[in-house]
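There are 2 protein chains.
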Amino acid sequence: MDKAKSPCFCINLRQASQTITEFYDTALQPSGLKITQFSVLKAARYLEPVSISALAEYLGLDRTTLGRSLRILERDKLLTLEPGQDQRERSVRLTEQGQVAYRSAYPLWKQAQQKITEGLGKEQVEILGVLLANLETATK
Amino acid sequence: MDKAKSPCFCINLRQASQTITEFYDTALQPSGLKITQFSVLKAARYLEPVSISALAEYLGLDRTTLGRSLRILERDKLLTLEPGQDQRERSVRLTEQGQVAYRSAYPLWKQAQQKITEGLGKEQVEILGVLLANLETATK
DNA sequence: CATAGAAACGAGTATATACACGCATTTTCA
DNA sequence: TGAAAATGCGTGTATATACTCGTTTCTATG
Numbered sequence: 268m269d270k271a272k273s274p275c276f277c278i279n280l281r282q283a284s285q286t287i288t289e290f291y292d293t294a295l296q297p298s299g300l301k302i303t304q305f306s307v308l309k310a311a312r313y314l315e316p317v318s319i320s321a322l323a324e325y326l327g328l329d330r331t332t333l334g335r336s337l338r339i340l341e342r343d344k345l346l347t348l349e350p351g352q353d354q355r356e357r358s359v360r361l362t363e364q365g366q367v368a369y370r371s372a373y374p375l376w377k378q379a380q381q382k383i384t385e386g387l388g389k390e391q392v393e394i395l396g397v398l399l400a401n402l403e404t405a406t407k
Numbered sequence: 268m269d270k271a272k273s274p275c276f277c278i279n280l281r282q283a284s285q286t287i288t289e290f291y292d293t294a295l296q297p298s299g300l301k302i303t304q305f306s307v308l309k310a311a312r313y314l315e316p317v318s319i320s321a322l323a324e325y326l327g328l329d330r331t332t333l334g335r336s337l338r339i340l341e342r343d344k345l346l347t348l349e350p351g352q353d354q355r356e357r358s359v360r361l362t363e364q365g366q367v368a369y370r371s372a373y374p375l376w377k378q379a380q381q382k383i384t385e386g387l388g389k390e391q392v393e394i395l396g397v398l399l400a401n402l403e404t405a406t407k
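First to last, the protein sequences are chains A and B.
Read left to right, the first sequence gives residues 268 to 407 (the numbering used here).
Read left to right, the second sequence gives residues 268 to 407 (the numbering used here).
Pasting the structure below:
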């Protein structure tokens with residue numbers, strides 16, 4: 268029973284997304300981070316101290332989705348969620364351990380990027396970027 | 268706080284995947300199906316009666332993932348999971364209600380496909396297909 | 001300044017996804 | 001033919017994702 272090539276753009280994109288996620292997760296394994304966590308740490312590092320909502324907007328994620336991801340990172344002691352000046356807010360900050368994890372993951376991420384660029388070729392990588400951007404527009 | 272354009276292929280693909288999923292889910296809403304469920308019904312309809320594992324392989328999903336999706340569809344009375352000849356197997360079959368749901372979703376899905384094709388243009392759609400296929404190779 | 005509305009968040013619920021374990025059944029082969 | 005191997009599934013656990021609802025806190029306005 269062969270895996271069928273679906274004619275559905277959505278299913279195809281979802282499959283591509285899963286495949287590449289697995290690829291990046293494997294590449295990052297030595298750092299203990301998954302690609303989603305890496306992207307959260309990257310953004311948090313850039314914006315810290317930052318509220319959950321602001322970080323969520325930056326990342327294009329739902330606030331509650333990010334909240335749950337942050338709790339996992341907090342559990343793993345990669346960041347802290349302290350009350351902010353505004354008592355409603357929680358202020359996200361990387362721990363030293365979080366910084367270390369990020370720095371150990373970065374070169375692994377870079378390598379993964381490199382492998383994709385090599386596999387596709389620079390031209391195709393650019394086209395892919397444009398196509399994905401066009402897709403965002405086409406679904407509006 | 269603008270949503271940043273990530274340089275990460277993986278994150279970009281994940282975002283594109285989420286965006287297009289939302290687009291298809293919205294398009295299918297009148298049928299009561301989500302695009303993932305539609306794709307399961309479509310495959311099950313084609314292969315029925317079929318075991319969970321065989322269907323999972325066809326769809327490129329993990330067996331347990333599909334199992335949980337099937338239970339939802341069973342709960343909603345869109346398909347049945349009967350014991351098969353081989354007592355280990357569960358035989359997937361659409362119910363009449365499942366057939367109806369599929370047939371009502373199909374034109375909505377077709378329209379969504381159409382809109383994507385229009386938004387991108389036929390040429391870009393083809394390139395996208397090739398690129399996604401190349402990606403699968405590049406991540407091997 | 002008191003209160004209505006807005007903003008930030010958590011918890012509950014739901015779907016999609018996968019991995020590790022374990023149980024039952026079937027197959028294979030010595 | 002009887003035991004080992006393979007197969008098919010379910011459950012437990014985990015992450016990623018989003019929506020709804022409710023609570024707390026802040027802000028703006030009459």
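Cβ atoms here follow ideal geometry from the backbone N, Cα and C, with glycine treated the same way.
Since the structure is predicted, the reported quantities are computational estimates derived from the model, not experimental observations.
| query | result |
| --- | --- |
| Where B/K389 sits in the DSSP three-state scheme | helix |
| Pairwise C-alpha distance: B/Q366 and B/L300 | 12 Å |
| Nearest-angstrom Cα separation, counted from A/A310 out to A/G351 | 18 Å |
| At least three beta-carbon pairs within less than 8 Å, the stretch 311-325 of chain A to the stretch 334-354 of chain A | yes |
| Sequence-distant residues of its chain with Cβ nearer than 7 Å to B/T384 (five each side left out) | V392 |
| Under 8 Å between C-beta atoms of A/Y291 and A/I278 | no |
| For B/P374, three-class secondary structure by DSSP | helix |
| Helix, strand or coil at A/E315 [DSSP, three-state] | coil |
| Boundaries (first-last residue) of the beta strand (DSSP E) holding B/S358 | 357-361 |
| Span of the beta strand (DSSP E), counted from its first residue to its last, around A/Q340 | A small correction: the amino acid at residue 340 of chain A is Leu; Gln does not occupy that position in the sequence shown. A/L340 -> not in any beta strand (DSSP E); alpha helix (DSSP H) instead, spanning 330-342. |
| Buried versus exposed call for A/R335 [16 or more other C-beta atoms within 10 Å across all chains shown] | exposed |
| Nearest-angstrom Cβ-Cβ length linking B/S298 and B/L361, presumed shorter than 8 Å | With 8 Å as the limit, B/S298 and B/L361 do not qualify as a contact, their Cβ atoms being about 14 Å apart. |
| For A/V359 and A/L328, believed in contact at Cβ under 8 Å, the rounded distance | That pair is no contact at about 13 Å. |
| Buried or exposed (CB count within 10 angstroms, at least 16 for buried), B/I339 | exposed |
| Through-space distance from B/A379 to B/T288, alpha-carbon basis | 11 Å |
| Proximity test, Cβ basis, 8 Å: A/I302 and chain B | yes |
| Chain A contact for B/K382 (CB, 8 Å cutoff) | yes |
| Min CB distance A/L361 to chain B below 8 Å | no |
| Cβ of A/G365 within 8 Å of any chain B Cβ | no |
| Candidates A/A294, A/L402, A/G388, of which the one nearest B/L402 by Cα | A/G388 |
| Interface positions of the stretch 321-342 of chain A facing chain B (Cβ-Cβ less than 7 Å), listed along the chain | A321, E324, Y325, G327 |
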